[in-house]
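Chains as they are written, first to last, in our numbering: chain A, 90 to 600; chain B, 90 to 600.
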């Protein structure tokens, strides 16, 4: 009965983390302004109780008994795997001193306020002392967790287990080598016309169309809902309730369309985790104390990017759906063709802001952040030298002069909220998405054919089998190994970018 | 430091109960259908953890120390009062065996399903065995809690502390004696025309107008929001976030208008609890494990009924606001006067359904339920004889023949959800509202004058001082004693009903 006692405790922890996510969702979509005064207490209490429960004497005792009970099982047995995962989470939390967590939380509160002010006033100097404290604290944190080669390794493992500073540097070198020549060729070519994307698009019509697209690709509204937020996100409170948000710009159509497909991709992942895993260790991040069923941040991003880009920004998608889009916005899209629309929404334009970047320059924004984080953590870059290093990287990768720190080093909220080590997920998601799609197209021609004809159910079925249903049961590379025969590999992504942008920009194929 | 340790524990319990309320609100307004599969677990976990925390060894130890620490303080000292209230809650929970709670929860799950089916099929016999079990279980529950005179006393004390079977029987005798002759006189008189209330009223316009009224009487939208539900309710997650819901019938205007004023009245109570009481024992019901700041269900109902009826259904209110309502619905209300509208929304029509009852017959529905509950609990009425007793009471009080049990004994959800003892709150609310209003009008002419001129801030200020700000710090009768010089007294309510309906129905004043 001790295995059952242990899983009961983990079910309770799941409930607490899911409840915390409901309160967070509510605070970003529904809560009246005045509610913020006490909502913070409520969310904090749920997180603290989840952690207390996880490391309590009761849970540890149940763990010991469950370990003994399952010791004779095969190492791949789900029960033994669950016990091992719970044991690892408990061991992790046992390593983190409570006072370190307290200092982290305290610093975050101040640092975020100062960062928002510093960004508004374009004044890195104001934020600099807080970033110095953040980096110092993250080093302490890394020391507490432990690592083999580099302090960054301890942090990145929280978001992307298996990756290290060294592995990311290796991956990034290949990506830069592949993307840079393509980017230069694209920049030398003529841009497709895209002015029409800035016409009038009534919000209600954007919403209806985005929702129709989300449903088409397989996001289940019976277990989901779409709301409006300034910063779109996806959140789940078990696979039975997986919500997404988006934003609508009246005078620019792409964010609602592709943002909704992106978040729906995240949502499809969560909605298709095996129901057997609900309220188990494989349905929640016990290290980060966050209710998420995807196995890593990169794996999650692979599903959102896959639906946003490989499906949503593909020529085939608009060949099928553009006439319906045009019927929705007959004036704004008068005279535009599916081809013209597809080229316009894939227009490449290097810029300063990560979240506005196109598919070809996006990874440059990620790689520079990860590289700077690694150097800050190892001490080879001082916080005071960070803005200059940032400007140099943007100049080198995108050929742009950063005009001020608000459009440079101060643009992201991550560091001010005490998050260091998470950025690589976006690029890993891009790489993983392409790797999965390449395998699907070569191994499953019938799935590819259905997808090309606008029937997205077989694709979802294939992704569910390969990725979604496993929740956090297997690592990202285990999933990739099983599905594609190899761990993470940047080659399919570079192939994809080359084929796509050579077509859109009408470039000659490389010799 | 043990007083602080104790209040920390109670703050945590508050956070858990507030979080449970957020999840409940969400489940009734926002949650996709599929979410119900796991939402129940989440809410149950939060409630169980709240209770565990309350009766844990840590909390008990902190209580003992806090009792010692505060023993020398004056009995009215807020700290000592808080410690006493926490001690009483812990003592209460210690009396309830866990297996009894478990059986109660299990029975509720089945009983509600059976009740819904029985009501749809108008078949009391189907529900009868579950009601028998419910009454048996409620008797066990009453025995566990303990009582002096009557098992019903243990139950009513959970909702309306201070009331007993005997006190309610006494109150009801006076109310029947006062209301029955008036009701007969009204029934003999000519009904005011009210057909126009059944014209077309677009939902969006109803919502805007209802929201405007709620704001006018003092419901603060910066700490609130209004949503749509089938069964309207109010819920708070601290005074900083107090939400209400309403319903809209396209072809009948009153429910949205008066329902919104009703729920806004509840909301105004919660929004005006002293901020010092936030997250304390005086901001939550530790016995019922429900986050509510009002001191009793009846006191809460007094505020909703006050704003719905004494303000919203008064002639003065429509003299001020009818022209604006008419401008909102110019076609439906063409040719109607403020007087005609006021008379129409106060039309008396005895009926079978409690929630559709007018102000004059509403208490009849309540009194018969309470009287039947008392007899069921003492065993002087068997469950199998309940439908007949119900029919007899409706016949005696309202002169109607109940056509079927769906419009009789099966109409309310309360008993199927294991709630016995709560019904009197509605009538006590009516009585308390009139008592407060009578005192306000006699003692505070400047508040009365402002109210009559459509400035509702002074009224809210007076009610906040007399009732709202105290949260659960003082009993209902203590509040009434301080504000009106006496405990609950039905005379002002009977005076109010007589004056109101004699005016509307143009009856002669009694000799």
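From the three backbone atoms N, C-alpha and C, an ideal C-beta is built for every residue, glycine too.
* Asked: What's the call for residue 556(A), buried or exposed, on a 16-neighbour Cβ count within 10 Å?
  -> As a first step, residue 556(A) must be located in the first chain, where it is residue number 467. So residue 556(A) counts as buried.
* So, is residue 513(B) buried or exposed, given that buried needs 16 or more other C-beta atoms within 10 angstroms? -> Residue mapping note: residue 513(B) aligns to position 424 of the second chain, counting from 1. Buried.
* Asked: Grouping DSSP H, G and I as helix and E and B as strand, with all else coil, what is residue 369(A)?
  -> What you label residue 369(A) is simply residue 280 of the first chain in a count that begins at 1. The three-state secondary structure of residue 369(A), taken from DSSP, is coil.
* Asked: For the putative contact between residue 185(A) and residue 152(A), defined by C-beta atoms under 8 Å, what is the C-beta separation to the nearest angstrom?
  -> Taking the first residue of the first chain as position 1, residue 185(A) is located at position 96. Taking the first residue of the first chain as position 1, residue 152(A) is located at position 63. Incorrect: roughly 18 Å between the Cβ atoms, too far for contact.
* Under a three-way DSSP split, which group does residue 313(A) fall into? -> Within the first chain, the letter at position 224 stands for residue 313(A). Here residue 313(A) sits in strand by DSSP.
* Please classify residue 332(B): does DSSP put it in a helix, a strand, or coil? => Taking the first residue of the second chain as 1, we reach residue 332(B) at position 243. In the three-state reduction of the DSSP assignment, residue 332(B) falls in the strand class, which pools E and B.
* Residues that residue 147(B) contacts on chain A, provided the C-beta gap is smaller than 7 Å -> Residue mapping note: residue 147(B) aligns to position 58 of the second chain, counting from 1. None at all; the shortest Cβ gap to chain A is about 11 Å.
* Can you tell me the Cα-Cα spacing of residue 315(A) and residue 417(A), whole angstroms? -> If you number the first chain from 1, residue 315(A) lands on position 226. If you number the first chain from 1, residue 417(A) lands on position 328. Taking the straight line joining both Cα atoms gives about 19 Å.
* Would you mind telling me which residues of chain A sit closer than 8 Å to residue 575(B), beta carbon to beta carbon, in chain order? => Here residue 575(B) refers to the residue found at position 486 of the second chain. Residues of chain A with a Cβ closer than 8 Å to the Cβ of residue 575(B) do not exist; the shortest Cβ-Cβ separation is about 36 Å.
* To do: Check whether the Cβ atoms of residue 351(B) and residue 393(B) lie closer than 8 Å to each other.
  => Position 262 of the second chain, counting from 1, holds the residue named residue 351(B). Position 304 of the second chain, counting from 1, holds the residue named residue 393(B). For the pair residue 351(B) and residue 393(B), the CB atoms are nearer than the 8 Å cut-off.
* Between residue 425(B) and residue 216(B), which are expected to be in contact by the criterion C-beta below 8 Å, what is the C-beta distance as a whole number of angstroms? -> On the second chain, position 336 is the one that residue 425(B) refers to. On the second chain, position 127 is the one that residue 216(B) refers to. With a contact defined as Cβ atoms closer than 8 Å, residue 425(B) and residue 216(B) miss out at about 43 Å.
* Asked: According to DSSP, is residue 325(B) helix, strand or coil?
  -> Counted from its first residue, the second chain places residue 325(B) at position 236. If DSSP states are grouped into helix, strand and coil, residue 325(B) belongs with the strands.
* **Residues that residue 367(B) contacts on chain A, provided the C-beta gap is smaller than 7 Å** => The residue given as residue 367(B) occupies position 278 in the second chain. For the C-beta of residue 367(B), the chain A residues within less than 7 Å are, from N- to C-terminus, 127.
* To do: Could you pull out every residue in the same chain whose Cβ sits closer than 7 Å to the Cβ of residue 183(B), ignoring the five residues on either side in sequence?
  => Translated into the one-based positions of the second chain, residue 183(B) becomes position 94. Excluding sequence neighbours, residue 183(B) sits near 144.
* alpha helix (DSSP H) segments (min. 4 residues) lying fully within the region 194-249 of chain A -> 213-234 and 240-248, all fully within the region 194-249 of chain A.
* To do: Please confirm if residue 435(A) has its CB atom under 8 Å from at least one CB of chain B.
  => Indexing the first chain from 1 puts residue 435(A) at position 346. Chain B contact via Cβ: absent.
* Where residue 497(B) and residue 344(B) are concerned, what is the direct C-alpha to C-alpha distance, given to the nearest angstrom? -> As a position in the second chain, residue 497(B) is number 408, starting the count at 1. As a position in the second chain, residue 344(B) is number 255, starting the count at 1. Looking at the two C-alpha atoms, the distance is approximately 22 Å.
* DSSP state of residue 338(A), grouped into three classes? -> Taking the first chain and counting its residues from 1, the one referred to as residue 338(A) is at position 249. Of the three classes helix, strand and coil, the one that applies to residue 338(A) here is strand, per DSSP.
* Please classify residue 379(A): does DSSP put it in a helix, a strand, or coil? => Translated into positions along the first chain, residue 379(A) becomes position 290. It is a strand residue.
* To do: Determine the direct distance from the alpha carbon of residue 576(A) to that of residue 569(A), and round the result to whole angstroms.
  => Here the question's residue 569(A) lines up with position 480 in the first chain. Here the question's residue 576(A) lines up with position 487 in the first chain. A direct Cα-Cα distance of roughly 5 Å separates residue 569(A) from residue 576(A).
* **Within chain A, partners of residue 251(B) - CB distance below 7 Å** => Locating residue 251(B) in the second chain gives position 162, where the first residue counts as 1. The contacting residues do not exist; residue 251(B) stays about 30 Å from chain A at best.
* Validate contact between the region 362-378 of chain B and the region 396-407 of chain B using beta carbons, cut 8 Å, 3 pairs -> The region 396-407 of chain B and the region 362-378 of chain B do not touch, with fewer than three beta-carbon pairs separated by less than 8 Å.
* Asked: When the cut-off is 8 Å and only beta carbons count, does residue 134(B) lie next to chain A?
  -> Position 45 of the second chain, counted from the start, is the residue given in the question as residue 134(B). By this cut-off, residue 134(B) is an interface position.
* To do: Run through the region 102-135 of chain B for me and flag every whole alpha helix (DSSP H) of 4 or more residues, listed as ranges in chain order.
  => The region 102-135 of chain B contains no whole alpha helix (DSSP H) run of 4 or more residues.
* Asked: Applying a beta-carbon distance threshold of less than 8 Å, which residues of chain A neighbour residue 326(B)?
  -> In the second chain, the residue the question calls residue 326(B) occupies position 237. Here the neighbours are 124, 127, 128 and 131.
* Consider the Cβ of residue 313(B): report whether some Cβ of chain A lies at a distance smaller than 8 Å. => Sequence index remark: in the second chain, residue 313(B) carries index 224 (1-based). Yes, residue 313(B) lies at the interface with chain A (some Cβ there is under 8 Å from its Cβ).
* Within 10 angstroms of the Cβ of residue 483(B), are there 16 or more other Cβ atoms? Answer buried if so, exposed if not. => The residue labelled residue 483(B) in the question sits at position 394 within the second chain. Flag for residue 483(B) reads buried.
* To do: Answer yes or no: does any C-beta atom of chain A fall closer than 8 Å to that of residue 119(B)?
  => As a working mapping, residue 119(B) is identified with position 30 in the second chain. Yes - at least one Cβ of chain A is within 8 Å of the one on residue 119(B).
* To do: Less than 8 Å between the CB atoms is what I'm expecting for residue 409(A) and residue 422(A), so what's the real figure, rounded?
  => Indexing the first chain from 1 puts residue 409(A) at position 320. Indexing the first chain from 1 puts residue 422(A) at position 333. In fact, because the Cβ distance is near 16 Å, the residues do not count as touching under 8 Å.
* Outcome for residue 319(A) when other beta-carbon atoms lying within 10 angstroms are tallied against a minimum of 16 -> Here residue 319(A) refers to the residue found at position 230 of the first chain. By the neighbour-count rule (16 or more Cβ atoms within 10 Å), residue 319(A) is not buried but exposed.
* Which residues of chain A have a Cβ atom closer than 9 Å to the Cβ of residue 361(B), listed in chain order? -> The residue labelled residue 361(B) in the question sits at position 272 within the second chain. What residue 361(B) touches in chain A, judged by beta-carbon distance under 9 Å, is nothing: the nearest beta carbon there is about 13 Å away.
* Supposed contact pair residue 95(A) and residue 172(A) - C-beta distance, whole angstroms, cut 8 Å -> Residue 172(A) sits at position 83 when you count from the first residue of the first chain. Residue 95(A) sits at position 6 when you count from the first residue of the first chain. Rounded, the Cβ-Cβ distance is 7 Å, consistent with contact.
* To do: Check each candidate in 517(A), 551(A) and 235(A) and name the one with the smallest Cα separation from residue 530(A).
  => The sequence position of residue 530(A) within the first chain is 441, counting from 1. When the alpha-carbon of residue 530(A) is set against those of 517(A), 551(A) and 235(A), the nearest one is in 551(A).
* Asked: Just checking, does the region 324-340 of chain B make contact with the region 130-145 of chain B on the three C-beta pairs under 8 Å criterion?
  -> Segments in contact, no.
* Asked: Out of 106(A), 91(A) and 236(A), which has the shortest C-alpha to C-alpha gap to residue 375(A)?
  -> Counted from its first residue, the first chain places residue 375(A) at position 286. Here the closest residue by C-alpha is 106(A).
* **residue 209(A) versus 596(A), 495(A), 189(A) and 229(A), residue with shortest Cα-Cα distance** => The sequence position of residue 209(A) within the first chain is 120, counting from 1. Among 596(A), 495(A), 189(A) and 229(A), the Cα nearest to that of residue 209(A) belongs to 495(A).
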